[in-house]
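Notes follow once the structure below has been shown.
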Amino acid sequence: MGSDRARVRIGTCGWDKAAWRGDFYPPRLPAHERLGFASRNLATLEINTTFHGLKKPEDFLGWYADTPADFVFSVKGHRGVTHDNPLGAAERTVAAFFASGVPLLQEKLGPILWQVSEHLRFNADAVTAFLTTLPHSVDEVRSLIAEAGIGVDPRILDLPDAPLRHAFEARHPSFGDPAFVDLLRHHNVAAVITNTPEWPELREVTSDFSYLRFHGDLRRFPRGYDDETLASWAELIEGRRTRSSGSDEGLEVFAYFDNPENGGAGSPFTARKLQQLVDGAQAVAPLPIQPLLF
Numbered sequence: 100m101g102s103d104r105a106r107v108r109i110g111t112c113g114w115d116k117a118a119w120r121g122d123f124y125p126p127r128l129p130a131h132e133r134l135g136f137a138s139r140n141l142a143t144l145e146i147n148t149t150f151h152g153l154k155k156p157e158d159f160l161g162w163y164a165d166t167p168a169d170f171v172f173s174v175k176g177h178r179g180v181t182h183d184n185p186l187g188a189a190e191r192t193v194a195a196f197f198a199s200g201v202p203l204l205q206e207k208l209g210p211i212l213w214q215v216s217e218h219l220r221f222n223a224d225a226v227t228a229f230l231t232t233l234p235h236s237v238d239e240v241r242s243l244i245a246e247a248g249i250g251v252d253p254r255i256l257d258l259p260d261a262p263l264r265h266a267f268e269a270r271h272p273s274f275g276d277p278a279f280v281d282l283l284r285h286h287n288v289a290a291v292i293t294n295t296p297e298w299p300e301l302r303e304v305t306s307d308f309s310y311l312r313f314h315g316d317l318r319r320f321p322r323g324y325d326d327e328t329l330a331s332w333a334e335l336i337e338g339r340r341t342r343s344s345g346s347d348e349g350l351e352v353f354a355y356f357d358n359p360e361n362g363g364a365g366s367p368f369t370a371r372k373l374q375q376l377v378d379g380a381q382a383v384a385p386l387p388i389q390p391l392l393f
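Okay, structure coming up:
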């Protein structure tokens with residue numbers, strides 16, 4: 100009985116961080132070259148600016164052009180979907196989000212992250228309606244946009260069909276309800292493992308990939324995650340990427356470190372260390388690490 104060792108991509112939430120200048124980024128690196136530098140040193144990045152405001156097609160085309168061929172982004176869903184009117188009127192708000200240009204990332208588009216507020220309680224009807232609305236292919240995106248009557252860049256209409264994946268980050272304890280896990284599983288949406296003492300940590304496998312977000316525990320690790328803690332996470336990730344029970348294949352894993360302003364919790368160096376722990380000597384596609392200083 101064999102097993103497949105799936106790809107693991109580890110990066111950070113965002114990349115334009117002031118604390119990284121002169122540390123991760125060389126001191127004289129121009130701002131417009133930071134994404135290119137980060138994408139050559141990390142296997143993935145989570146685009147967070149899409150949460151704060153709808154972008155334009157040119158933004159996604161620019162991010163696509165500035166990154167290597169094998170690079171993959173995840174994209175955080177707009178707050179208009181998850182916070183301003185939490186999961187309500189999703190047909191229109193989700194359509195507007197995708198119409199802003201998300202599919203133009205094409206093969207570099209990884210999972211879409213939907214993060215709800217820590218004040219939002221689990222409501223089975225609302226979550227069901229939202230998950231039912233989510234498009235799982237580019238063709239479904241086009242249909243959703245058309246039904247919502249939203250204008251769209253013709254370049255999106257010309258894209259080939261491709262699958263889309265979604266991850267859901269819950270922060271209120273009520274989402275520990277088994278009914279929530281069942282809903283995610285039914286819709287093939289990943290339950291985000293949220294590592295922080297502030298929010299529930301759901302470790303159930305609910306889709307054909309895994310999504311982790313490391314928000315940090317400043318009380319225990321004020322300078323960032325220690326080696327022992329990273330090793331324990333590497334073991335969990337290895338277990339997910341190599342599944343040998345029955346006909347299950349290894350799960351592709353995406354993991355991101357957040358809150359870099361607070362120190363090591365979001366450090367790209369921490370992300371690289373965990374990537375190296377997971378890949379080890381058997382890494383099939385090692386990261387193209389570039390010199391960190393001129």
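Taking this note's numbering, the leading residue of the sequence shown gets 100, the next gets one more, and so forth.
For glycine and all other residues, C-beta sits at the position ideal for the given N, C-alpha and C.
| Query | Result |
| --- | --- |
| Closest Cα partner of Gln214 within the set Leu186, Ala195, Gly200 and Asp238 | Leu186 |
| Beta-carbon gap between Ala370 and Gly110 smaller than 8 Å | yes |
| Whole runs of the beta strand (DSSP E) within the segment 208-242, excluding any shorter than 3 residues | 208-214 |
| Collapsed DSSP secondary structure at Ile249 in the structure displayed | coil |
| Whole-angstrom C-beta distance between Pro299 and Phe259, which should lie under 8 Å | Correcting the residue identity first, residue 259 is Pro in this sequence and not Phe. Actually they are not in contact, since the Cβ atoms of Pro259 and Pro299 sit about 38 Å apart, beyond 8 Å. |
| Close-in-space but distant-in-sequence residues of the same chain around Asn184 (CB under 8 Å, 5 per side omitted) | Thr192 |
| Cβ-Cβ distance between Pro156 and Arg241 below 8 Å | no |
| Three or more C-beta pairs below 8 Å linking the segment 219-226 and the segment 157-177 | no |
| Residue(s) in a DSSP beta bridge with Thr111 | Leu144 and Phe356 |
| Cβ shell of Leu311 (< 6 Å), same chain only, five flanking positions each side left out | Ile292 and Ala354 |
| Cα-Cα separation between Trp114 and Ser173, rounded to whole angstroms | 13 Å |
| Outcome for Ser236 when other beta-carbon atoms lying within 10 angstroms are tallied against a minimum of 16 | exposed |
| Local Cβ density within 10 Å of Gly323, reported as buried at 16 or more and exposed below that | buried |
| Span separating the alpha-carbon of Glu132 from that of Asp276 | 44 Å |
| Check: Phe274 C-beta below 7 Å from any heavy atom of the ligand HEM | Looking at this structure, you won't find the ligand HEM or any other ligand, since it has none at all. |
| Alpha helix (DSSP H) segment containing His285, residue limits | Pro277 to His285 |
| Three-state secondary structure (DSSP) of Val174 | strand |
| Ser344 versus Phe308: straight-line alpha-carbon distance, rounded | Because Ser344 carries a pLDDT of 43, less than 50, the predicted location of this residue cannot be relied on, and no value is offered for it. |
| Cβ neighbours of Leu230 in the same chain (closer than 7 Å, five flanking residues each side left out) | Leu282, His286 and Val288 |
| Distance between beta carbons of Val304 and Leu335, contact taken as under 8 Å | Actually they are not in contact, since the Cβ atoms of Leu335 and Val304 sit about 11 Å apart, beyond 8 Å. |
| As assigned by DSSP and simplified to three states, the class of Gly345 | Because Gly345 sits at a pLDDT of 44, beneath the cut-off of 50, its placement in the model cannot be relied upon, and the following sentence gives the value as read from the coordinates. Here Gly345 sits in coil by DSSP. |
| 8 Å contact criterion, which Ala198 and Val251 should meet: CB distance rounded | 5 Å |
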